[in-house]
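Undergrad:
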Amino acid sequence: METDFDLDLSGVNVTHNSSSKEAFSMHSLLDSQKRHVELLSHLASYSELLVAVTGYEGAGKSFIANNLAAQREAPDETLLLTASVMLGMPSILSSIAAHWDMPAIHDDGAQAREAIRNEAIDRSEAGGNLLLIIDQADQLDAENLNDIAHFALLAPQAISVILFGAPGYESHFRNSPAQAPVHVLAVEPLSDSEIAALMASVFGDGEVCPFGDKELADIMMDSGCLPGPALRQGEQILSSATRAVSSSPAGGFPVRNILAIAGVVTAIAMVFIYQWGASSTDDELSPEIQAQFDSAKDFNYPGASVEPQAQPEADSSDTLALPDRAVVEAESRVAASSDVTALSGSDIQPEGRVVSGAPESVPDTGSDATPVSRAEVQPVEATAEPMNTSSEPVKIGTSSYTPDEQALLASESGYIVQLLGSHSSSGAETFRNQWQSQITGSLYRYQTTYKGKDWFVVVSGVYSSRAEARAAVNAMPASLRKQSPWVRPLGDVQKVIR
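Residue numbers (our numbering): 1 to 498.
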């Protein structure tokens, strides 16, 4: 059966090879893993407790177990066994006897246990202490775990027992008739910085991570910050054909820089061509537009001589460039006439002000057209009102956060537990309705994007500390804990929502 950490540790021989530390040169221990190894080493040397280490598949339990065995000063003081459904107490006693070069033991009788106990006490008086490590202890049944608890009480000063396995097996010790004192250590997912350091150590040169920020974010989300799945995800990304084609050779000019330069040059060329074409079109169409303006009838101000007074409307921001040119030519002809000298530059005001000057110039032209009253001009001013109100929907639509997202953004700090990520909005909502009454804390759903699609995430919280969030995870139903809930800082989620 494979270990929960996807690394080749077959070269480690904890019973015979004294230089087994070199087997872990693939990457060094991360900060949290170092703390676990130091704590377990301390408990093995100075404590009489039975230690149960728990963690989800891929959390690095086997890697920690092998490092714990490798860092022991005397290899003959450490025995590492991998549990299976066939492993029982007779096999454990037989392995210890073979490890100490004792006569073979084939049963779990009182005489066999007494022989192991006497040998352990003799070695302890000489300064030795046996550390028995059993990996994948979740494969053992309740009866075998109870036998191990009894064995741990046989000579607690001389024999230390540490077990590693998936969460759940440690509960058998609490219900065991042996009532052995047990210390439970949970292996948590790695932090974001530890994931980056792991990728740099395994796939890079130890200093530079070969993955970009987006790739690292994908690795963390897909793996739940568990080292085993993270390493498999990183290997898949590096071996994918898409990434191999898009990546540029070392020392060459980056391809994305070349594409960026080409894009800028193309944009400049298109702007130049557009402006040149627009000016040419103006020169060719100006006579036609002029002829249209000469023959056009002004329905607001009847009469040919009053035509220029309607032209300031062309100064509005919605008028095209070609009518502006015609207005300038029309104004130049009007300026040559002494009858319309009242139309000076000061009379032409932007937007609706030109309307007030229009009735004054009508009597000067001698036209038989009746002056336009202010009531007639009123619809022109009214047309500007819908333009002002058109910007209101834009202001209303600026806030698009859901109540759940607003609640997450309202908290200044804290921690949340990510429970689900799905492309289905209805699936996320169904999940939240199903588990809301069974979880400590409120369930929130927020929306983001993942691989170009909508991504709906359900989290619980907000918890004031990481310890409170872990306590909430431990209180969750077993079926939900098996899905690897992810304790994350609230700030990470707020960045994604914004």
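The beta-carbon is built from N, C-alpha and C at its ideal position, and this holds for glycine as well.
Just so it is clear, the structure is predicted and the values come from calculations on it, not from any experiment.
1. Count the other C-beta atoms from every protein chain shown that fall within 10 angstroms of the C-beta of S361, then say buried if there are 16 or more, exposed otherwise.
2. Pick from H172, A52, D135, N129: whose alpha carbon is nearest that of T78?
3. I think N146 touches S176, with their Cβ atoms under 8 Å apart; what is that distance to the nearest whole Å?
4. Would you mind giving the Cβ-Cβ distance between I439 and V493, rounded to the nearest angstrom? I have them listed as a contact below 8 Å.
5. Could you check whether the segment 223-233 touches the segment 196-205, counting it as contact only if at least three pairs of C-beta atoms, one from each stretch, sit closer than 8 Å?
6. What residue range does the beta strand (DSSP E) around F456 cover?
7. Please determine if the segment 208-217 and the segment 40-53 are in contact, where contact requires at least 3 C-beta pairs separated by less than 8 Å.
8. Assign Y415 to one of three DSSP states: helix, strand, or coil.
9. Which stretch, first to last residue, makes up the alpha helix (DSSP H) that contains V202?
10. Can you list the beta strand (DSSP E) stretches of 3 or more residues lying completely in the segment 43-114, in chain order?
11. Here's the rule I'm using: 16 or more other beta-carbon atoms within 10 Å means buried, otherwise exposed. How should I268 be labelled?
12. Would you check if the distance between the CB atom of P211 and the CB atom of K61 is smaller than 8 Å?
13. Under 8 Å between the Cβ atoms of Q157 and E48?
14. How many angstroms separate the CA atom of E429 from the CA atom of G88?
15. Could you check if D324 is buried or exposed, using at least 16 other CB atoms within 10 Å of its CB as the buried criterion?
16. Does the structure place the segment 404-422 close enough to the segment 472-492 that three or more beta carbon pairs sit under 8 Å?
17. Just grab the DSSP bridge partners of R422 for me.
18. Work out the CA separation of I64 and R174 for me, nearest whole Å.
19. Spell out a yes or no on whether the segment 109-117 and the segment 136-143 are touching, meaning 3 or more CB-CB pairs, one atom from each, closer than 8 Å.
20. Secondary structure at D141, three-state DSSP: helix, strand or coil?
21. Do you know how far the Cα of C225 is from the Cα of G168?
22. Throw me the rounded Cβ distance for the E188 and S32 pair, which I believe falls under 8 Å.
23. Alpha carbon to alpha carbon, how far is V458 from R498?
24. How is the alpha helix (DSSP H) around G499 delimited, first residue to last?
25. To which residues of the same chain is H150 closer than 7 Å at the C-beta, ignoring the five residues directly before and after it?
26. By alpha-carbon positions, which one of S171, S424, D108, P103 ends up nearest to V53?
27. Just tell me which of M220, S193, M221 has its CA closest to the CA of V208.
28. If you measure between the beta carbons of A410 and Y444, is that distance less than 8 Å?
29. Less than 8 Å between the C-beta atoms of I121 and A155, yes or no?
30. Let me know the secondary structure DSSP gives S32 once reduced to three states.
31. Per DSSP, what kind of secondary structure is G500 in: helix, strand or coil?
32. For I148, which option in D454, L50, S425, T266 has the closest C-alpha, if you only look at C-alpha atoms?
33. Who are the near neighbours of N67 in its chain, counting only those whose CB is closer than 8 Å to its CB and skipping five residues on each side?
34. Rounded to a whole number of angstroms, what is the C-alpha to C-alpha distance between K453 and H423?
35. Helix or strand or just coil, what does DSSP make of I439?
TA: With the given structure in hand:
1. Reading the sequence shown from its first residue, position 361 is the one you call residue 361. Bear in mind that a pLDDT of 41 at S361, under 50, signals an unreliable position, so the model cannot answer this.
2. If you number the sequence shown from 1, residue 78 lands on position 78. With distances taken between Cα atoms, T78 lies closest to N129.
3. Taking the sequence shown and counting its residues from 1, the one referred to as residue 146 is at position 146. Taking the sequence shown and counting its residues from 1, the one referred to as residue 176 is at position 176. Indeed, because the Cβ distance is near 5 Å, the residues count as touching under 8 Å.
4. Taking the sequence shown and counting its residues from 1, the one referred to as residue 439 is at position 439. Taking the sequence shown and counting its residues from 1, the one referred to as residue 493 is at position 493. 17 Å between Cβ atoms; not a contact.
5. The segment 223-233 and the segment 196-205 touch, with no fewer than 3 CB-CB distances between them shorter than 8 Å.
6. Position 456 of the sequence shown, counted from the start, is the residue given in the question as residue 456. Note, F456: beta strand (DSSP E), 453-463.
7. Short answer: they don't touch.
8. Here residue 415 corresponds to residue number 415 of the sequence shown, with the count starting at 1. Reduced to three states, the DSSP call for Y415 is strand.
9. For the purposes of this step, residue 202 is identified with residue 202 of the sequence shown, where counting begins at 1. Residues 192-203.
10. Residue ranges of uninterrupted beta strand (DSSP E) with 3 or more members, entirely inside the segment 43-114 and ordered along the chain, are 50-54, 78-82.
11. Start at 1 with the first residue of the sequence shown, and residue 268 comes out as number 268. The C-beta of I268 has fewer than 16 other C-beta atoms within 10 Å across all chains shown, which makes the residue exposed.
12. What you label residue 211 is simply residue 211 of the sequence shown in a count that begins at 1. What you label residue 61 is simply residue 61 of the sequence shown in a count that begins at 1. Before going further, note that residue 211 is Phe rather than Pro in the sequence given. In this structure, the beta-carbon distance from F211 to K61 does not fall below 8 Å.
13. Within the sequence shown, the letter at position 157 stands for residue 157. Within the sequence shown, the letter at position 48 stands for residue 48. Taking 8 Å as the Cβ cut-off, Q157 and E48 qualify as a contacting pair.
14. In the sequence shown, counting from the first residue as 1, residue 429 sits at position 429. In the sequence shown, counting from the first residue as 1, residue 88 sits at position 88. In a straight line, the C-alpha of E429 is about 46 Å away from that of G88.
15. Residue mapping note: residue 324 aligns to position 324 of the sequence shown, counting from 1. Note that D324 scores 45 on pLDDT, short of 50, meaning its location in the model is unreliable; the coordinates nonetheless yield the value given after this. D324 comes out exposed.
16. Between the segment 472-492 and the segment 404-422, the count of C-beta pairs closer than 8 Å reaches three or more; the two stretches touch.
17. Position 422 of the sequence shown, counted from the start, is the residue given in the question as residue 422. Just to set this straight, residue 422 is Ser in the shown sequence, not Arg. Bridge partners of S422 according to DSSP: F456.
18. Counted from its first residue, the sequence shown places residue 174 at position 174. Counted from its first residue, the sequence shown places residue 64 at position 64. C-alpha separation (whole angstroms): 24 Å.
19. Contact fails: fewer than three Cβ-Cβ distances are below 8 Å.
20. Taking the sequence shown and counting its residues from 1, the one referred to as residue 141 is at position 141. Reduced to three states, the DSSP call for D141 is coil.
21. As a position in the sequence shown, residue 168 is number 168, starting the count at 1. As a position in the sequence shown, residue 225 is number 225, starting the count at 1. Answer to the nearest angstrom: the Cα atoms are 21 Å apart.
22. Taking the first residue of the sequence shown as 1, we reach residue 188 at position 188. Taking the first residue of the sequence shown as 1, we reach residue 32 at position 32. Confirmed, about 7 Å.
23. Residue mapping note: residue 458 aligns to position 458 of the sequence shown, counting from 1. Residue mapping note: residue 498 aligns to position 498 of the sequence shown, counting from 1. Per the coordinates, the alpha-carbon of V458 lies some 17 Å from the alpha-carbon of R498.
24. Shown here, the chain extends from 1 to 498; a query on residue 499 therefore has no answer.
25. Along the sequence shown, one-based indexing puts residue 150 at 150. Closer than 7 Å at the Cβ level, and outside the excluded window around H150, lie A178.
26. Translated into the one-based positions of the sequence shown, residue 53 becomes position 53. Its Cα nearest to that of V53, the residue S171 stands out among S171, S424, D108, P103.
27. Translated into the one-based positions of the sequence shown, residue 208 becomes position 208. Residue S193 is the option with its Cα nearest to V208.
28. The residue given as residue 410 occupies position 410 in the sequence shown. The residue given as residue 444 occupies position 444 in the sequence shown. Cβ distance not < 8 Å, so A410 and Y444 don't count as in contact.
29. Here the question's residue 121 lines up with position 121 in the sequence shown. Here the question's residue 155 lines up with position 155 in the sequence shown. Yes, the pair counts as a contact, with Cβ atoms nearer than the cut-off.
30. Indexing the sequence shown from 1 puts residue 32 at position 32. Looking at S32 - three-state DSSP - the assignment turns out to be helix.
31. Coverage of the chain is limited to positions 1 through 498, which leaves residue 500 absent and any answer about it impossible.
32. The count along the sequence shown starts at 1 and reaches residue 148 at position 148. Nearest C-alpha to I148: L50.
33. Taking the first residue of the sequence shown as position 1, residue 67 is located at position 67. Around N67: F24, L29, Q33, V37.
34. Residue numbering aside, residue 453 sits at position 453 when the sequence shown is read from its first letter. Residue numbering aside, residue 423 sits at position 423 when the sequence shown is read from its first letter. It is roughly 7 Å from the alpha-carbon of K453 to the alpha-carbon of H423.
35. Counting from 1 along the sequence shown, the entry for residue 439 is found at position 439. Of the three classes helix, strand and coil, the one that applies to I439 here is coil, per DSSP.
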